[in-house]
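Here's the structure we're looking at; comments come further down.
Protein chains: 2
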Amino acid sequence: MLSEFSLIERYFSQPAAAFGAPDDEPKATLGIGDDCALLAPKHGQHLAISTDMLVSGRHFFPDVSPWALGYKALAVNLSDLAAMGAKPRAFTLALSMPTADESWLEAFSGGLFDMANQHGCELIGGDTTSGPHVCISITVFGDVPAGEALRRDSARPGDDIWVSGVLGGARAGLGIRRGEWSMKDPADEAVAIKALEQPEPRVALGIALRGIAHAALDISDGLAGDLLHILKRSNVRATVNIDQIPRCATLAALPDASQVHCILAGGDDYELCFTAPVAVRAEIERVGTVQKVLLTRIGTIEGPAAEGRAAIDWRDNTGPVSLSDTGFDHFHAD
Amino acid sequence: MLSEFSLIERYFSQPAAAFGAPDDEPKATLGIGDDCALLAPKHGQHLAISTDMLVSGRHFFPDVSPWALGYKALAVNLSDLAAMGAKPRAFTLALSMPTADESWLEAFSGGLFDMANQHGCELIGGDTTSGPHVCISITVFGDVPAGEALRRDSARPGDDIWVSGVLGGARAGLGIRRGEWSMKDPADEAVAIKALEQPEPRVALGIALRGIAHAALDISDGLAGDLLHILKRSNVRATVNIDQIPRCATLAALPDASQVHCILAGGDDYELCFTAPVAVRAEIERVGTVQKVLLTRIGTIEGPAAEGRAAIDWRDNTGPVSLSDTGFDHFHAD
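So the sequence lines, in the order shown, correspond to chains A and B.
Residue numbers for the first sequence follow the UniProt record's numbering, beginning at 1 and rising by one.
Residue numbers for the second sequence follow the UniProt record's numbering, beginning at 1 and rising by one.
Put into C-alpha cells, the structure is as follows:
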C-alpha cells in the first residue's frame with residue numbers, strides 16, 4: 001500500500017511542461033508539498049472561487065469509469081468559473097477512498113489532468129485520505145477583471161434569457177444508466193451517456209460574455225430550479241417558452257413528458273443560462289458563431305417579483321402551461 | 001426535510017456584524033449565493049491556500065460533539081495557514097451527511113463559526129449534499145506578504161529546531177476515546193480529550209515568526225514524520241533530543257514508551273515546528289513571552305542529507321537512541 005505522500009507524488013504531481021494551455025505563465029508561486037499553496041494576485045483581477053463535493057452513489061455510480069469521474073469532477077467546478085466569466089487558473093483536490101487502488105488512481109488522475117490541461121488549470125494542493133466511500137471535493141480558482149464577473153444578481157427587466165448548447169442529455173444518460181428507460185439506437189444512448197459523464201464546461205463562452213451578458217449561472221440542478229436563483233437574487237420574474245428550449249437530439253426517443261422533465265429538472269447539463277439586453281442580440285449571435293456553440297433565446301426577464309416572490313411563467317407555443325418541476329435538490333428525491 | 005438552499009441559508013449564513021475580529025474589513029467582494037465567491041487581491045500579498053478532508057470514523061468518532069467537530073474542522077485548516085505565517089481571511093466548506101439533521105447542523109455550524117470569528121475568517125462559499133457518511137472538506141485562504149511565507153524548504157544547517165506548546169495530548173485523548181488506556185484523574189482525561197477535540201491553531205504565532213523563522217510546518221501527523229517533510233524539502237538532516245520535547249502533562253499517567261509514541265507519532269497536535277538561526281533565540285523567546293506560548297528548542301539542523309536521504313538522529317539526555325516511529329500515515333494502520 002502506498003503512503004499518502006507517495007500517492008500524491010505518483011498520481012497528482014505533473015511537470016509544468018504537461019500544460020498545453022495557450023499561455024504557459026506560472027499559475028502558482030508555490031504548489032503541492034507545503035502547508036499551503038501560494039497564489040500571487042493579478043493586478044486588476046478578482047479571484048473567483050468555487051467548491052463542490054461529489055459522493056459515490058449519490059453523484060456518480062460506484063462503477064463509473066475513473067477516468068470519466070476525474071474528468072467530470074473538475075469539469076463541473078470549471079463550469080462554475082465559466083458561469084462567472086472567470087479564466088481558470090488553479091485547483092485543489094481532497095479525495096477519500098477505501099483503499100489506494102493504483103489502477104483506479106492512475107485513471108482518475110488521467111481524466112482529471114486531461115480536463116485541467118485543456119484549461120491551463122494547475123493542481124496546487126490537496127489531501128488524500130482513506131474513507132468508507134469515494135468522496136471528492138475540488139475547489140477551483142479563476143481570474144476575472146474587477147467588476148466584470150457575471151453575477152446572479154444582475155438580471156434586468158427586458159433582458160432576453162439565453163441558454164447555451166442543448167439540455168436534457170445528461171438526464172437521459174442517467175435514466176439509461178439507472179435502467180429507467182432505453183433507446184432503440186445504441187448511438188443515441190452513447191450520446192446521452194457522454195453528456196452525463198463528460199460535460200464540457202463553457203469556459204471560453206463565459207469569458208466571451210463578459211461585458212455583454214448581465215446575469216449568468218451554470219445549469220447544474222436543472223434549468224427550472226437554477227433560473228429561479230437568478231430571479232431571486234435579481235428580484236425579477238421571467239417568462240420562458242418551453243418549446244424554445246433546445247433539446248438534446250436523443251431525447252426524441254423518449255415520451256414528451258420525460259423530455260420536459262429532462263430539460264427542466266434533469267440537472268447535470270453544465271450549460272450556461274444568461275440574461276442580456278435586447279440590444280446585444282447580434283453580438284451574442286456572433287459569439288455563438290465564433291465559438292461554434294448553439295446559443296438560444298428561451299424567454300424574457302419581466303418586472304420586479306410581486307411581494308418579493310420570484311417566479312417563472314411557463315409557456316409553450318400554444319399558450320401558458322402549468323409546471324410543478326422545481327429542479328434537482330440534493331436533499332429531495334429526484 | 002430542508003432543501004440544500006435552505007440549509008445553507010439557515011445554518012451557514014451569518015451577518016457581517018457577527019465578526020468579532022480586530023479588523024472588520026470586508027473579506028470577500030462576493031460571498032455565498034453565486035456560482036463563485038470573489039476575493040479582491042491585496043497589494044503585495046500572496047494568497048495562501050490549503051485544503052483538508054475529514055471523514056467520519058476515520059478522523060473523528062461518529063458520536064463526537066458536532067460543536068467540537070465544527071470547531072476542529074476549521075482549526076486544523078487554520079493551522080496550515082499559521083504554519084505559513086498567513087493571516088486567515090476566508091474559507092469554503094463542502095459537507096456531506098446522511099440526512100439534514102437540524103440540531104446536528106446547528107451545533108456544527110456553531111462550533112465552526114466560533115473558530116471562524118475568533119480569527120476573522122469568513123465563510124464565502126460551499127456545497128452541502130447527502131452522502132452515506134459525514135464528510136467535511138474545508139479550503140482556507142489567508143494573506144501573507146510576498147516573500148515572507150514560512151516554507152518547508154528553507155531550513156539551513158545550524159538552525160535551531162523549535163516546537164510550540166506541548167505535544168502528545170491529542171494522542172492521549174484518542175487513546176482514552178478508543179479505550180486503549182485510562183487515567184486515574186478524570187481531570188487529566190479531560191485535558192487530553194480537549195487537546196484532541198479542540199486544538200487551537202497557532203495563527204498569531206505564525207504571523208509573529210515572519211522574518212524570524214526559516215522553515216515551519218504544523219504538526220498534524222506526528223513530529224517524527226512531519227519534521228521529515230522539512231528535512232526532505234530543505235535537503236538537510238537533523239538531530240533531535242527526545243528529552244527536550246515538551247510533553248503534555250497528562251502523559252505522565254502513561255508508560256514511557258506510550259509517552260514517546262504520543263509525542264513523536266501521535267498526530268493531531270497542531271503545534272508549530274520551525275527552524276531559526278541561533279542569532280534570533282532571544283527574539284523568539286520574546287515572541288513566546290508576549291504570546292504566552294511555550295516555545296522550546298528540541299534540536300539542530302545539520303548539513304546536507306547524505307546521498308539525498310533526509311534523516312533524523314534521535315538522542316535523549318544519555319546519548320543516541322534508535323526509533324522506528326515514522327508518523328501517522330493515512331494509508332497505514334496507526
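Glycine included, every Cβ here is placed at the ideal spot set by N, Cα and C.
### Query
DSSP puts Gln45 of chain B in a beta bridge; with which residues?
B:Pro145
### Closest residue to Asp34 of chain A among B:His133, B:Lys232, B:Gln45 (Cα-Cα distance)
B:Lys232
### Residues near Asp325 of chain A in its chain [Cβ-Cβ closer than 6 Å; skip 5 each side]
Unreliable placement is indicated for Asp325 of chain A, whose pLDDT of 42 sits below 50; the coordinate value is still reported in the next sentence. Hits under 6 Å: Ala224, Leu264, Ala265.
### Query
What three-state label does DSSP hand Pro304 of chain A in the structure shown?
strand
### Message
Please give the ranges of any alpha helix (DSSP H) in the region 223 to 257 of chain B, keeping only runs that are unbroken, at least 4 residues long and fully inside the region.
### Response
223 to 234
### Query
For the putative contact between Met97 of chain B and Gly131 of chain B, defined by C-beta atoms under 8 Å, what is the C-beta separation to the nearest angstrom?
7 Å
### Message
Please list the terminal residues of the continuous alpha helix (DSSP H) segment that includes Trp67 of chain B.
### Response
66 to 84
### Task
Give the residues of chain A in contact with Val55 of chain B, contact being defined as C-beta atoms less than 8 Å apart.
Ser96, Thr129, Ser130, Gly131, Pro132, Cys135
### Contact list for Cys121 of chain A against chain B, beta-carbon separation under 7 Å
Neighbours of Cys121 of chain A on chain B: none; closest Cβ ~14 Å, over 7 Å.
### For Cys262 of chain B: DSSP bridge partner residues
According to DSSP, Cys262 of chain B bridges with nothing at all.
### Task
Using only alpha-carbon positions, find the residue among B:Tyr270, B:Asp269, B:Ile284 that is nearest to Ala276 of chain B.
B:Ile284
### Query
Can you name the residues of chain A whose CB is closer than 8 Å to the CB of Lys42 of chain B?
Pro41
### Query
For Val287 of chain A, which residues from the same chain have a beta carbon less than 6 Å from its beta carbon, with the 5 sequence-adjacent residues on both sides left out?
Ala208
### Query
Where DSSP assigns a beta bridge to Thr296 of chain A, which residues make up the other side?
A:Val163
#### Entry: Among B:Ala75, B:Ala155, B:Gly175, nearest to His214 of chain B - alpha-carbon criterion
B:Ala155
### Query
In three-state terms, what does DSSP make of Glu283 of chain B?
helix
### Task
Look at the alpha carbon of Leu196 of chain B and the alpha carbon of Phe61 of chain B, and state the distance between them as a whole number of angstroms.
11 Å
### Query
When DSSP labels each residue in this structure, what does Ala21 of chain B get in the three-state scheme?
Low local confidence applies: a pLDDT of 45 at Ala21 of chain B is under 50, so the model's placement there is unreliable, and no value is given.
#### Entry: Residue environment, His59 of chain A, which counts as buried when at least 16 other CB atoms sit within 10 Å
buried
### Task
Sort B:Glu148, B:Thr318, B:Glu189, B:Gly267 by Cα distance to His46 of chain B and report the nearest one.
B:Glu148
#### Entry: Cβ distance (whole Å) where Ala94 of chain A is taken to contact Ser137 of chain A below 8 Å
4 Å
### Message
Need the endpoints of the beta strand (DSSP E) that Leu150 of chain B sits in, please.
### Response
Where Leu150 of chain B is concerned, there is no enclosing beta strand (DSSP E), given that its DSSP letter is neither H nor E.
### Query
What are the boundary residues of the alpha helix (DSSP H) that residue 352 of chain A is part of?
Outside the modelled stretch of chain A, which goes from 1 to 334, sits residue 352 of chain A, for which no answer is possible.
### Task
Using a Cβ cut-off of 8 Å (strictly closer), state whether Met115 of chain B contacts chain A.
no
### Query
Val321 of chain A by DSSP, collapsed to three states: which one?
coil
### Task
Please report how far the alpha carbon of Leu74 of chain A lies from the alpha carbon of Ser182 of chain B, in whole angstroms.
46 Å
#### Entry: Proximity test, Cβ basis, 8 Å: Asp63 of chain B and chain A
no
### Query
Using a C-beta cutoff of 8 Å, does Thr51 of chain B count as contacting chain A?
yes
### Query
With contact counted as at least three CB pairs below 8 Å, one residue from each stretch, are the region 158 to 177 of chain B and the region 244 to 263 of chain B in contact?
yes
### Query
Listing by chain order, which chain A residues have their CB less than 8 Å from the CB of Gly126 of chain B?
Thr51
### Distance, Asp243 of chain B Cα to Ile212 of chain B Cα
25 Å
### Query
Could you check where the alpha helix (DSSP H) with Pro186 of chain A kicks off and where it finishes?
186 to 197
#### Entry: Segment contact, 8 Å Cβ cut-off, at least three pairs: the region 100 to 114 of chain A with the region 36 to 51 of chain A
no
### Query
Could you give the distance in angstroms between the alpha-carbon of Ser79 of chain B and the alpha-carbon of Gly299 of chain B?
22 Å
### Query
According to DSSP, what are the bridge partners of residue 402 of chain B?
Any question about residue 402 of chain B goes unanswered here, given that chain B covers just 1 to 334.
### Message
For the beta strand (DSSP E) containing Leu30 of chain B, name the first residue and the last one.
### Response
Careful: Leu30 of chain B lies outside any beta strand (DSSP E) and carries neither H nor E.
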